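Position one of the sequence shown corresponds to residue 3 (our numbering), numbered consecutively onward.
Note sheet for the following structure.
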Amino acid sequence: MIIGVPKEIKNNENRVGMTPSGVAELVKRGHQVYIQHTAGINSGFSDEAYLSVGAQILPAIEDIHSISEMIVKVKEPIAPEYNLIKKGQLLFTYFHLASDKELTLAMIDTSLFVLPMKP
């Protein structure tokens, strides 16, 4: 599977959807992992840390979404990300659909597969 990890763009969100150790495990199992440039920097992970375990670095969020079968991120998508999601793409993230009608309708419109994380 082709897995993409974009940099979080929600205000005050400094976490990253996958650590280098998570990438290493997925690469070991035969998956391709793409990380957006500097996605992990606010969590203390350099691009080099991801490259050293087999990830590839892409420059922009659009690149991550266009190539990936599954997107792994921390927070639910916000409006600027809605049009990046491809039909049938898997999205593994925290979701708060009950409190956000706009997000809920946008996700329905994309026909994506949602894999919500639970704390």
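Beta carbons: idealized from backbone N, C-alpha and C, even for Gly.
Treat the numbers as computed from the prediction; the structure is a model and nothing was measured.
May I ask you to report which of helix, strand or coil DSSP gives G46?
coil
For L28, the first and last residue of its enclosing alpha helix (DSSP H)
22–30
Assuming I5 is part of the beta strand (DSSP E), what are its boundary residues?
4–7
Determine whether the beta carbon atoms of A26 and V55 lie at a separation below 7 Å.
yes
Let me know if Q58 comes out buried or exposed under the rule of 16 or more other beta-carbons within 10 Å of its beta-carbon.
exposed
Cβ-Cβ separation, T112 to I87 (assumed contact under 8 Å), whole Å:
5 Å
Check the C-beta distance from H67 over to G19 and give it rounded, since I have them as a contact under 8 Å.
At roughly 13 Å, the Cβ-Cβ gap does not stay under 8 Å, so H67 and G19 are not in contact.
Give the DSSP-derived three-state secondary structure of T40 in the structure shown.
coil
Quick check on DSSP: helix, strand or coil for I66?
helix
Classify T79 as buried or exposed, calling it buried when 16 or more other Cβ atoms lie within 10 Å of its own Cβ.
The sequence given here has Pro at residue 79, not Thr. Result: buried.
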